[in-house]
Structure formats: structure tokens, C-alpha cells
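In order, the protein sequences belong to chains A and B. Every letter in the first sequence is one number past the one before it in our numbering, and letter 253, counting from 1, is 421. Every letter in the second sequence is one number past the one before it in our numbering, and letter 104, counting from 1, is 114. Cβ atoms here follow ideal geometry from the backbone N, Cα and C, with glycine treated the same way. Notes follow once the structure below has been shown.
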Amino acid sequence: MASNGTLNSAIPSGPLADKWTKHKNESKLINPANKRKYSVIVVGSGLAGGAAAATLSELGYQVKCFCYQDSPRRAHSIAAQGGINASKNYQNDGDSVWRLFYDTIKGGDFRSREANVHRLAEVSGNIIDQCVAQGVPFAREYGGLLDNRSFGGAQVSRTFYARGQTGQQLLIGCYQALEKEISRGGVQMFPRTEMLDLVVVNGHAKGIIVRDLVTGEISRHAADTVILATGGYGNVFYLSTNAMGCNVMAAFRAHKRGAYFANPCYTQIHPTCIPVSGDYQSKLTLMSESLRNDGRIWVPKSKEDAAVIRAGQKTAADIPEDARDYYLERKYPSFGNLAPRDISSRSAKEACDEGRGVASTGLGVFLDFRDAIARLGKDTIEARYGNLFEMYAKIAGADPYTSPMMIYPAVHYTMGGLWVDYNLMSNLPGLHVLGEANFSDHGANRLGASALMQGLADGYFVIPTTLPNYLAGETPGSVTTADPAFDEAETAVRERTSKLLSIQGKRTVDSFHRELGLLVWDKCGMARTKEGLEEAIAKIPAIREEFWQNVRVPGDGDNLNAELEKAGRVADFLEFGELMCYDALDREESCGGHFREEYQFTEDDEAVKSGYTNPGEAMRRDDEFCHVSAWESTGVGNKPKLHKEKLEFESVKLSVRSYK
Amino acid sequence: MNLTLKVWRQKNPTDHGRIETYEARDIPSEASFLEMLDIVNERIIETGGEPIHFDHDCREGICGTCSLTINGVPHSKERGITTCQVHMRKFRDGDTIWIEPFRAKAFPIVRDLVVDRSSFDRIIAAGGYISVRTGSAQDANSLPVGKVEADEAFDAAACIGCGACVASCKNASAMLFVGAKAAHLNLLPQGKPEKDRRVLAMVRQMDAEGFGNCTNQYECEAVCPKSISADVIGKLNRDFAQAAVKEAVS
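Here you go:
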């Protein structure tokens, strides 16, 4: 394992397609009578955590599962709309494990691990089988078989969906499996409970300190291993499509206890969200990428037309066909409106930066169903997207059947996360990290309908196989909460909570969060520069210092106290934001969701002259940056220490990503 | 816009609780209802008070966390939406708005507008699942499900477990919630083997939690943010009667 700062990814040897099979055959086993002696802590109850908790309980482990929500059914996986990928090839359109693997590697801009991604593609089909057996009501054709749709970054239809509620239906299936295990006594569930620290005993993760959010009680939990499935850190930007409670605390606490944080600068900006309308706004709403199957994205060709639309003097209908720029179809004729997310988002930003945005703020483009309604009829469009159209109408106050939607990119998902090896174990032995909280499968950009796939793959199929590789070497129950490491961690948690409550300054927690969010969105959002990142790294510590002197957290620690919860989360974002900027500054290339303005294709580049790619596209620098950047914490305010895991590509050839 | 809010405040489960009045000034009409409360809360905190606690998370109508009774109606009088999807443009300048929690014996108040709905989790744990172990499933397409059946199951599966059905019911009955889950699973071929056991266990748990009986007023259907049809209640009654008879004669 990690020693002397080197990272061992523990990737099995042998041909790519055989690695997972070989690893399964060679992984350690724990016999059924012994499994019940081992205890497992799972933090998070979304697709990854819920699936892991339910499955490990089925296998016989004693599981404790924690979530901050009032019920495990409310984890943010529920909000995923569009679908889940699997290489079933039910459509007979040439799909295969290899193609799903390759599309995911390419979509991630060649910054993910081949072996992990191939495993993901291999188990994708099992996920669909499992979910159908649980009663997940995927969309079906009249013959009774499962239906598929297309998603960005793929030329086959491999996405399984459940109207616009795929995440909800998958999570409810997973939640029901979890409740089944709770009732059987295999899982002890702790809702409305937040992890405030990780406990490390002799270098191994052996427990957590939690706060009961209702009573304020702080308590200790020890186990033979800890699994974090706590989602992403998109809320560092304040405005994102994440749920209000999503936060980086559990992962960041683990980072401060020694776990490396990998590729934090890889953040995904989703192209189809409802634009920001004012500074009172608390969150942004995503409109499913599936809309891009039938919706056409455009802005007026001329700035003048855009200006009169913004002023409300003209509408989309007043702009004739030849005055419209369907810019994705123009720039990427093979993929058109289904170009990957990073590319679609940047194209929208470019159009708006050129003064051709159509929302009143200037930051919005049209997503137009006029042609699809004319071709397929309103009923078909309603059957496909009815609930999404309704959602849009409620929020934006306009009817998408008669006038185009307005959309703009927003922070949606984070590809970076805690570093893990092939067994999904962090450099801290005993700490396992699943789902969005780890960094492993999506590289620098995640394709649509792949988040649900990864969460469930990790929880249902990977961790049950790989966990014994760690546990078999451990004596069950060898660490208890009486260990001095628990005293130290609990004391630290209590001191931090008292400190937050005692400052009684003048500014609200949200005001600090908004200030941080605006800064990182501006300097570490859709486009980044060296100067901008250096500016952010200089400014964040000042915001953090003011926070610790001037924040006002009302109430006490002995009751439900929403402001206290938020304060702890924002305090961690104020450190994490700096880490994200350090990573973005260090990575002097553009790849996927990480776009450094200094590194882009220009008219002078051969790939542009030959027509292979367009000027303005992300330019990777494989010679220097074909690695995972895994950061070690060196304390608040200090530059973190970089460790590199070189990415070896044995089966695919690195190429300039082209979706033309 | 300017509004007067009449809000239920209750410090903890044992506190008596009372309605307090707040003036909400200069609220943008584009704001959502919860963003209006955010604005009010920031002002309360800045002036030394304790903010109004309310449950919320995804703020896009799917997680089922938000749970306010607005002017006497769970999730407001607008149909087919959750609290977080209510927008201020639906109110008029100068309105007085009454904001209360989802009230029911089986949903004890935690603080202010936050209630404990863990009784719903216990009903699901009693039988709201299909007993399949991870890894034991056959190929997904080996079990065709007719589109009509699948769609009917889906309509029931759309339930987000918010509890508005209970809060709207004068008996605080959970029949729509339980009926929706039973219909979702009982209609599918995968769920048929456990159908009888499921309805008996879920209904008995529902009764044990202190939910009332259904007297066919259908307030639940009217406030359901996912517009789940009260037909699932009739189906639940039929399924329960069949299962109970079988149990009695076996």
C-alpha cells in the first residue's frame, strides 16, 4: 500500500478483459460463519452506500449505516433523472462491454483508470438484472421488454430509464433492499446523523464520530472497516444542482486524517440547467440531458437579435431559421446536440460570452422542441418528457411546448474524490470509498447516465468482492471505542462545535458560502487561468479567517440546529475550495471538465488545420499530465503535498477527443 | 412583494408550540417559497433570533423531504407539486400566509415545521420490498412485463414518501402511501410471490404506528405531489381482504 508517498493502485495483472475475473478468483474469502463477526460502517445511503449496506448485510456482516437525511430514501441519488447505462445490447445496435468501456474512457478524456472502467462496463448488465428483480419499473416497449434511449457521448442506445425519475426508482429499489435488511437485523440505521470525524487507529480507519442532528448528542462508533459513500462536493460553488445538504465533510475529514484527495479540479458543469435568475437563489435545477435527444440547442447568429430577445422585444419565434445558429450541430455534426457535457457547456458559455445569450441576464441559450413536436407530435413529446416540461414550466413560468426552454450550464457532479485503489480502498487502510465520493471511473468528465451505473456497481458488485481483501487480514472487533484515538477525535469534534457556537459574529453562514461560491465559480468554474487560480488561492484564506471570527451560528448544540450543521459543512468547503484551486493550478493542461484557457487548440495546430478538431477545444498534455493527482493534507492554510499515480493505457490509444 | 407570515414555532418535541408572526418584506416574486423562508431566516439570524426550522433538501420536487402545510393545505393548494416547487408568483402582494408542519399522531414534531416520518420507513421495512439477494437475478429481459401493467405499477411507484397524504387526512390515514407501495410491487410479476405476506405486514405496521383509517374522503389524492390515484387504496383493501382470508383458513 501507500508508502513513502507512492501509490499502489493494486490493478491486477493480465489482459484488460480478464482482470476483474482474475481478481474475483484471487480475492480473499471470509467464510459465512466468520462474516458475522466483522462490523462495517457505511456512511451515506444513496445508490453506492445503500447498495453496499444492503448487500454486505445479506452476506452476513454486521452493518451500521448513517445518513444526514431523515430517511435513507432521500439521498441525493434520487434526483438523477435521465437514466443508467448498461452494455446489454438489447437494441442490437452494436453495443458491447468494450464499447461502453471505450466511450467512458474517451468521454473522461483519457484521465481514468482503464481497469476500473472496464470492470464498470462488465458489471453494468448485472445492475439492470438486479434492479428489475427488485421491481424497479424501467420503461418498457409494448412487447414487454426493456426500452432504451440515447445519451451524450455515445452512438448506441444503451440507457435504461424510468420516465424522468430513474434515480428515484433505482434508489427506492435500493432503499427497499436496505429496509429489508434493517428489518432482518443485519443493518442498524442511523438517519439524521452526521459524520463529523474519522477515527484512525494505528494507521487504519476504524471508526467515526457522529452527531445526532435531533438531540445534538455526539457519539463514537467503531468497526473493522469504514466505507464512505457520501457523494460529491459540487456545493463548494454554493449554487449547484446538488441537494442543499450535499457536502464534502465526511470525505474532507478523512482527507485531514490522511486520505489523499484525487483530482479535485475535475468538476462537471451540466449543460442543461435552468438559468440563474437572482441573488436570492438557493440552488439550480437540472433539466435532464435526455432532452437533448429531441431538443435542438441554438442562439441567434447575430448579437443584435440576441439583444432584442434579452430586452423582451422579440421572442424565439421571431427569429427566422437562417438567422439561428444551432451551434452544436454546426460544430459537432456526428454527435450534434448529444455532444458530451463538458463540450456542450463550454459551447454555451462561448456563445454567451460572444454576446449571443438569450436570457435576461445574458446567460442562457435556447433548447427548442419546435421541430420535434412537428415531427413526432405533441403527444409523443409529452410521453417522453412530460414531467420535465412541467417542472420547467413551474420554475421558469413559461410553457416549453409553445416557446423554447432557456438553459445554461451549472455545477452538477464532481469526478474528483478520495483516491482509491482497484479494491476501492483509500491509501488509509480500512477506509473504502464508493460512488461519487471516490475519483476512480469518470476521469476528467463523466458521461450522462454513468453516475447511477458507477454508484450501483461499486455498492452491489465491487465492494462485496473486494472488502474481504482487507478484512481477512484483520482480527474482528480488535478496536473498540475505548481506544485513545476515539478520545482525541471526539474532543476535537466537541471543541469545533463549541467554537462555531461561541463566535456569535455578525454574518450568516450562507453569506460566507455565497462569497466562496462566487469566487470559485468565477476562478475555478467553466474556464480557469493561472492568474485567476492564484487570485482565488490568495483570497480564500481571508474568507476563511473572517468566517472563524465573524460567523453567527444561533441556538445551541443540544437541539436540531440547521445553522450549526451548515456552519460545519461550510467551514470544510472553505478549506476544500483552496485544495480544488491548487489542483487546477497544478494541472497545466485542459482535459474534460478542467479547462485552462492557456491550453486550447488554435488555428495554428495541425489537428485544427486537418479538420479533426475545432479551435478552442481542450488541449491535453499527455507527456506531463497523464496521471492522477492525489493530494495529501499538510494542515490548514498550507499547500497540500502532491502524489502522482501514472495512468497506464495498455488497451486504448490516447487520442485527441473529437466528436465532429 | 410584502407578506405576513403566521408560522408554527416549537422548540423541541415536548414544547407546547405556538403561531408567531413575521413580516416578509421585499420578496422577489421569482423566488420559490423556500427561498422566501431563507430570506426571512437570514434576517432573523442577523437580528439575533433563531431561524425557522423546516425540512428540505433537493429543492426540485423529488426527494420528498420538504413538508409544509401552507394555508391549511399540505404543499399548498396548487395541485401536483411539493412545497419546494411552490413559487411566490402564485401569491399576491400583502397576503397573509399560514405555515404549519405536516400534522399527524404518527409524525411527531421535532422542531418548528420539522416532523419525524420514520414510521413510513418502518412500514417499508415490514414488507415494502421484494426479497431478492444481490447477484441472484436472471437476465432482465427474461421476464417480460406488459406495458400497461408496467405503466400502472410505475404510476404507483412515483410516490416520494413525503406524507402529504397523511397530513391532509382528517384521520391521518396512511392508506395512500401503503396502497401505492403495495400496488407498485403487487402488480409486477416479480412481486407476486410475496404479495399476501406484504400487504398483511405493511397494513399491520401501519396500524401499529398510529395512522387512522380511511373513510374515502380522497383528500390524499388531491394533495399528492405525484398525483397518485386513490384507486390504490381500493386495490390495497382487496389485496388485504384476500390475504387475510387465506391466512385465516390456512
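Which of helix, strand or coil DSSP assigns to residue i
i	result
Asn172 (chain A)	With a pLDDT of only 41 at Asn172 (chain A), under 50, the local geometry of the prediction cannot be trusted, and no value is derived from it.
Trp799 (chain A)	strand
Lys809 (chain A)	strand
Phe420 (chain A)	helix
Asn431 (chain A)	coil
Asn729 (chain A)	coil
Leu13 (chain B)	strand
Trp689 (chain A)	helix
Gly525 (chain A)	coil
Thr440 (chain A)	strand
Glu40 (chain B)	coil
Trp587 (chain A)	coil
Arg331 (chain A)	coil
Lys374 (chain A)	strand
Ala786 (chain A)	strand
Asp380 (chain A)	strand
Asn22 (chain B)	coil
His762 (chain A)	strand
Tyr576 (chain A)	strand
Chain-ordered chain B contacts of residue i [CB-CB under 7 Å]
i	result
Arg737 (chain A)	The premise fails here: Arg737 (chain A) is roughly 13 Å from chain B at the closest Cβ pair, so nothing lies under 7 Å.
Met412 (chain A)	His66, Asp67, Arg69
Ser351 (chain A)	Ala135, Ala136
Exposure of residue i, with buried meaning 16 or more beta-carbon neighbours within 10 Å
i	result
Asp48 (chain B)	buried
Tyr310 (chain A)	exposed
Ala147 (chain B)	buried
Pro468 (chain A)	buried
Ser171 (chain A)	In this predicted model, Ser171 (chain A) has a pLDDT of only 40, less than 50, meaning its place in the structure is not dependable enough to derive any value.
Ala193 (chain B)	buried
Asp490 (chain A)	exposed
Pro183 (chain A)	exposed
Glu604 (chain A)	buried
Leu717 (chain A)	What sits at residue 717 (chain A) in the sequence shown is Gln, not Leu. Answer is exposed; the Cβ neighbour count stays below 16.
Span of the beta strand (DSSP E), counted from its first residue to its last, around residue i
i	result
Glu30 (chain B)	28-34
Leu47 (chain B)	That residue, Leu47 (chain B), is in no beta strand (DSSP E); its alpha helix (DSSP H) goes 43-56.
Lys667 (chain A)	Element bounds for Lys667 (chain A): not the beta strand (DSSP E) but the alpha helix (DSSP H), 652-671.
Met363 (chain A)	361-369
Phe358 (chain A)	355-358
Contacts that residue i makes with chain A (C-beta to C-beta distance below 9 Å)
i	result
Glu30 (chain B)	Per Cβ cutoff of 9 Å: no residues; Glu30 (chain B) is ~15 Å from chain A at best.
Gln200 (chain B)	Val300, Ala301, Gln302, Gly303
Gly59 (chain B)	Pro722
Alpha helix (DSSP H) segment containing residue i, residue limits
i	result
Arg388 (chain A)	Here Arg388 (chain A) belongs to no alpha helix (DSSP H); instead the beta strand (DSSP E) covers 386-390.
Cys224 (chain B)	Counting along the chain, Cys224 (chain B) falls outside any alpha helix (DSSP H), and DSSP gives it neither H nor E.
Thr334 (chain A)	334-352
Met694 (chain A)	From DSSP, Met694 (chain A) is part of no alpha helix (DSSP H); its letter is neither H nor E.
Neighbour list for residue i in chain A, Cβ cutoff strictly below 7 Å
i	result
Pro38 (chain B)	Gly446, Tyr448
Val155 (chain B)	Arg308, Gly312
Asn151 (chain B)	Tyr258, Leu313, Leu314
Closer than 8 Å at the beta carbon, the chain B residues around residue i
i	result
Asn727 (chain A)	Lys21, Asn22, Arg121
Pro359 (chain A)	Ser128, Asp131
Met559 (chain A)	Glu70, Gly71, Gln95
Ile437 (chain A)	The contacting residues do not exist; Ile437 (chain A) stays about 18 Å from chain B at best.
Presumed contact (8 Å Cβ cut-off) between residue i and residue j, rounded CB distance
i	j	result
Pro597 (chain A)	Gly320 (chain A)	Not really, about 38 Å apart at Cβ, beyond 8 Å.
Gly222 (chain B)	Ser183 (chain B)	5 Å
Pro568 (chain A)	Ala561 (chain A)	7 Å
Gly532 (chain A)	Lys471 (chain A)	Rounded, the Cβ-Cβ distance is 15 Å, inconsistent with contact.
Val824 (chain A)	Ala775 (chain A)	5 Å
Under 8 Å from the C-beta of residue i: neighbouring residues of chain A
i	result
Phe117 (chain B)	In chain order: nothing, as chain A lies at least about 11 Å away.
Thr144 (chain B)	Ala219, Ala222, Thr223, Glu226, Gln298, Ala345, Tyr628, Phe629, Pro632
Leu44 (chain B)	Ser450
Val99 (chain B)	Here the sequence assigns Arg to residue 99 (chain B), which means Val is not the residue at that position. The contacting residues are Gly565.
Under 9 Å from the C-beta of residue i: neighbouring residues of chain B
i	result
His244 (chain A)	Asp67, Cys68, Cys73
Pro568 (chain A)	Per Cβ cutoff of 9 Å: no residues; Pro568 (chain A) is ~16 Å from chain B at best.
Contact test: residue i Cβ vs the ligand ZN heavy atom, cutoff 6 Å
i	result
Pro111 (chain B)	Ligands displayed in this structure: none; no statement on the ligand ZN is therefore possible.
Using a Cβ-Cβ cut-off of less than 8 Å, list which residues of the segment 188-215 of chain B approach chain C; keep chain order.
Annotation note: the requested chain C is absent from the structure, which comprises protein chains A and B.
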